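Asks: Residue numbers (the working numbering): 1 to 151.
All residues carry an ideal CB built from backbone N, CA and C; glycine is no exception.
In this text, all values refer to a predicted model and were calculated from it rather than measured experimentally.
Pasting in a structure now, in structure tokens, and then I'll have a few things to ask.
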Amino acid sequence: MAVSMAQPADFFQALSSLPHGGEFRFIDELTALEPGVAGSGRWTLKGNEEFLRGHFPGQPLMPGVLMIEALAQLGGILLQTRPDIPPLKNLRLTAVRQVKILGSITPGQGLEVHARLEAVMGALGQVSGEVRTADGAVLLKGAVTLSGEEG
């Protein structure tokens, strides 16, 4: 990755390019960002998240679909920070491909998300990546497509 994210302002600027509110963000920290190319980020499962009440009572686990969302959010940051085009409006996750969920985390553990913007065609972006534990075990790998509106 070309640029390490040292400034909090960079992080908030990148996050502001996403449509999600704070309660549905699955990236706490950008650890690396090469705008429009690749990036890495972290998120910690705190244990007080509302979705854990039902997933699973007495044995809380991070849902695999939310790890997909974390990958899509980091991919959205990559798509929205491309230096050659303005950010897209109404950015959304529109396809999930070749995803394998290989594990999960429990409260107190963190995710490391790694993504690469593979292709862009108009207002579509294809992203590939992995989600790992802090010690490097792969939890999820796959690809997603994001779409938005130009102009």
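#1: Tell me which residues share the same chain as Ile101 and place their Cβ nearer than 6 angstroms to its Cβ, disregarding the 5 neighbours each side in the sequence.
#2: For a minimum of 3 consecutive residues, which ranges assigned as the beta strand (DSSP E) are wholly contained in the segment 58-129?
#3: Whole angstroms are fine: how far does the CA of Leu18 sit from the CA of Gly151?
#4: Determine the extent of the beta strand (DSSP E) in which Val144 is found, giving its start and end residues.
#5: Hey, how far is the Cα of Thr106 from the Cα of Gly129?
#6: Kindly indicate the opening and closing residues of the beta strand (DSSP E) around Arg25.
#7: Out of curiosity, what's the CA-to-CA distance linking Glu23 and Ser40?
#8: If you measure between the beta carbons of Leu146 and Gly58, is that distance less than 7 angstroms?
#9: Just the C-alpha distance for Asp84 and Gly36, rounded to the nearest angstrom, thanks.
#10: Check this for me: beta carbons of Arg42 and Gly110, under 7 angstroms apart or not?
#11: Go through its chain and collect everything with a Cβ distance to Leu66's Cβ below 8 angstroms, but skip five positions before and after it.
#12: Have a look at the DSSP bridge pairing and note the partners of Ala38.
#13: Does the beta-carbon distance from Gly163 to Leu88 come in below 7 angstroms?
#14: Kindly give me the distance between the Cβ atoms of Val131 and Val113, rounded to whole angstroms, as I take these residues to be in contact under 8 angstroms.
Replies: Let me spell this out:
#1: Gly64, Leu140
#2: 89-101, 110-121
#3: 16 angstroms
#4: 138-149
#5: If you take the alpha carbons of Thr106 and Gly129, they lie about 21 angstroms apart.
#6: First-last for Arg25: undefined, no H or E at that position.
#7: 20 angstroms
#8: no
#9: 9 angstroms
#10: Yes; because the gap between Cβ atoms is below 7 angstroms, this pair is in contact.
#11: Within the same chain, Leu66 has close Cβ partners Phe26, Phe51.
#12: Glu34, Arg116
#13: Summary: the structure shown does not reach residue 163, with the chain confined to residues 1 through 151, and so no result is reported for it.
#14: 5 angstroms
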